[in-house]
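Have a look at the structure below, then the notes.
Have a look at this one:
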C-alpha cells in the first residue's frame, strides 16, 4: 500500500490507521523498493517514478510530500 500526502499529520494518521486495522498484516517496508528515506522514515521520492498531478503541483510550489510504503507481512 502506497500512501502519500502533502500534510505530514495526515500521512502519519493514514499510516497509523492502516497499521492498526491491518491487525499486524501490514508493516512499513522501504528497503525492498530501492528508494531513499529521510530521517523521519518518509520516502524521498515516489517509488513508481511517475508523480500524480497533485504531487507535481505541491513540489513545483516548493512543498513537501510525505510518502510511505506498507507491505503485507509474510508469516
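In the numbering used here, the protein residues as written are 1038 to 1112. Note that the Cβ used here is the ideal one computed from N, Cα and C, for glycine as well.
Ranking 1056, 1110 and 1102 by CA distance to the CA of residue 1083 puts 1102 first.
In the three-state reduction of the DSSP assignment, residue 1047 falls in the helix class. By the criterion of at least three beta-carbon pairs nearer than 8 Å, the stretch 1039-1052 is in contact with the stretch 1087-1106. CA-CA distance, residue 1112 to residue 1052, rounds to 21 Å. For residue 1079 and residue 1062, the gap between their C-alpha atoms comes out near 20 Å. DSSP, reduced to helix, strand and coil, places residue 1105 within a strand of the structure shown. Counting along the chain, the unbroken beta strand (DSSP E) around residue 1065 starts and ends at 1063-1065.
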